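Trainee: What follows is a single structure, and I will ask about it in a moment.
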Ligand code: DGL
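Numbering (the UniProt record's numbering), first residue to last: 1 to 269.
Here is the structure:
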């Protein structure tokens with residue numbers, strides 16, 4: 001069998017780049033294809049059927065580009081579209097999400113069983129994290145906070161600004177008052193704010209970030225699913241696609257990967 005398939009990573013915009021970087025650091029020898037739906041991001045305030053149809057188009061695009069498996073590195077899409085897409089593809093094509101791996105790690109980490117989640121409005125409203133966490137441990141106390149301003153701030157390059165810090169403080173305060181000992185960053189974009197979040201919540205709260213969780217889970221998945229692993233190519237590196245040309249994507253991507261990245265425009269429908 002020829003090894004020519006790539007690992008596809010999808011996000012609504014920039015946030016998944018952070019997850020991709022960690023995956024590439026952990027598993028540098030594989031070929032990757034990243035798609036950011038920058039023309040239609042943010043997804044976080046959109047209705048479920050729109051999130052599903054955008055995500056389906058993106059995943060179809062990645063499989064057409066010869067991906068051997070696709071990771072939906074977007075919690076909003078993982079909450080609102082993943083299950084349906086997995087059912088539609090059946091066992092023929094593998095699509096993985098980021099939400100269950102984060103929930104599993106949070107349950108392992110918490111000692112006082114009080115877990116906070118910050119995420120987009122859609123992810124919070126879907127209650128997907130709450131359901132997955134409760135399946136793993138029905139005795140948990142779970143507190144969610146929608147943070148709708150964070151994605152636009154990150155996408156517009158404001159991650160280090162004072163405004164972002166003030167808004168983060170406001171979002172995190174009600175969770176800290178519930179005495180959580182574990183905080184799930186339930187949106188890939190928030191990984192970019194992890195240092196600021198750490199500064200605000202202090203050292204005693206464990207942060208569960210998908211950038212840390214997903215590479216380990218992927219490695220375990222590939223070790224278990226040799227039928228997929230043996231199809232994966234190891235020669236062509238990382239290809240980046242977006243649905244819109246944005247300088248910001250290229251700047252952030254180049255900064256994260258330490259070299260100028262080339263971004264192609266994806267036509268998806
Ligand atoms: N990156 C997406 C997530 O993880 C959210 C960004 C958006 O609203 O498009 O939930």
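Cβ atoms here follow ideal geometry from the backbone N, Cα and C, with glycine treated the same way. Since the model is a prediction, treat every value here as computed from it, not as a measurement.
Determine the direct distance from the alpha carbon of residue 133 to that of residue 107, and round the result to whole angstroms.
Mentor: Approximately 7 Å between the Cα atoms of the pair.
Trainee: For residue 334, which residues in the same chain have their Cβ closer than 6 Å to its Cβ, ignoring the five residues on either side in sequence?
Mentor: The requested residue 334 is not part of the displayed model; the chain covers only 1 to 269.
Trainee: Is residue 31 near residue 6, with beta carbons less than 7 Å apart?
Mentor: In contact: residue 31 and residue 6 (Cβ atoms closer than 7 Å).
Trainee: Thinking C-beta only, is residue 55 closer than 7 Å to residue 304?
Mentor: Past the edges of the chain, shown from 1 to 269, lies residue 304, and the structure says nothing about it.
Trainee: Taking the C-alpha atoms as reference points, what is the distance between residue 71 and residue 146?
Mentor: Taking the straight line joining both Cα atoms gives about 23 Å.
Trainee: Go through the residues and name those whose CB comes closer than 6 Å to any heavy atom of the ligand DGL, in chain order.
Mentor: Cβ-based neighbours of the ligand DGL within the cut-off: 11, 12, 13, 15, 41, 42, 43, 44, 74, 75, 76, 120, 123, 151, 187, 188, 189.
Trainee: So the candidates are 92, 267, 141, 201; which of them puts its Cα closest to the Cα of residue 114?
Mentor: Ranking the options by Cα distance to residue 114, first place goes to 141.
Trainee: Let me know the secondary structure DSSP gives residue 41 once reduced to three states.
Mentor: Three-state result, residue 41: coil.
Trainee: Over the uninterrupted beta strand (DSSP E) stretch that includes residue 116, give me the two end residues.
Mentor: Residue 116 -> beta strand (DSSP E) spans 114-119.
Trainee: Check this for me: beta carbons of residue 35 and residue 241, under 7 Å apart or not?
Mentor: The answer is yes: Cβ separation under 7 Å.
Trainee: Tell me whether the region 93-107 and the region 203-214 touch, counting them as touching only if at least three CB pairs, one residue from each stretch, are closer than 8 Å.
Mentor: Yes, since at least three Cβ pairs between the region 93-107 and the region 203-214 fall closer than 8 Å, the two stretches touch.
Trainee: Relative to the alpha-carbon of residue 217, which residue among 105, 29, 61, 16 has its alpha-carbon at the smallest distance?
Mentor: When each option's Cα is compared against that of residue 217, the closest is 105.
Trainee: Could you check what DSSP says for residue 238 in three-state terms: helix, strand or coil?
Mentor: Strand.
Trainee: Near residue 270, which residues of its chain fall below 7 Å by C-beta distance, leaving aside the five closest residues on each side in sequence?
Mentor: Nothing in the structure corresponds to residue 270, since the chain is present only between 1 and 269.
Trainee: Grab me the residues of residue 290's own chain with a C-beta within less than 6 Å of its C-beta, minus the 5 sequence neighbours each way, in chain order.
Mentor: Here the chain comprises residues numbered 1 to 269, so residue 290 is not present and cannot be evaluated.
Trainee: Need the endpoints of the alpha helix (DSSP H) that residue 144 sits in, please.
Mentor: Counting along the chain, residue 144 falls outside any alpha helix (DSSP H), though it belongs to the beta strand (DSSP E) covering 141-146.
Trainee: Identify which residue in 159, 164, 244 has its Cα closest to the Cα of residue 268.
Mentor: It is 244.
Trainee: Of the residues 23, 61, 63, which one's Cα is nearest the Cα of residue 73?
Mentor: Closest option to residue 73, Cα to Cα, is 23.
Trainee: In chain order, what residues of the same chain have a beta carbon less than 7 Å from the beta carbon of residue 165, not counting five sequence neighbours either side?
Mentor: These residues qualify, in order along the chain: 196.
Trainee: Going along the chain, which residues of its own chain have a beta-carbon closer than 6 Å to the beta-carbon of residue 183, five neighbours each way excluded?
Mentor: Taken in chain order, the residues that qualify are 116, 205, 207.
Trainee: Which value, in whole angstroms, describes the spacing of the CA atoms of residue 258 and residue 138?
Mentor: When rounded, the distance between both Cα atoms is 43 Å.
Trainee: Between which two residues does the alpha helix (DSSP H) containing residue 61 stretch?
Mentor: Run containing residue 61: 48-64, per the alpha helix (DSSP H) assignment.
Trainee: Just reading off the alpha helix (DSSP H) that residue 104 is part of, what are its end residues?
Mentor: 99-109 is the span of the alpha helix (DSSP H), which, as asked, contains residue 104.
Trainee: So for residue 163, helix, strand or coil by DSSP?
Mentor: Residue 163 falls in the helix class under three-state DSSP.
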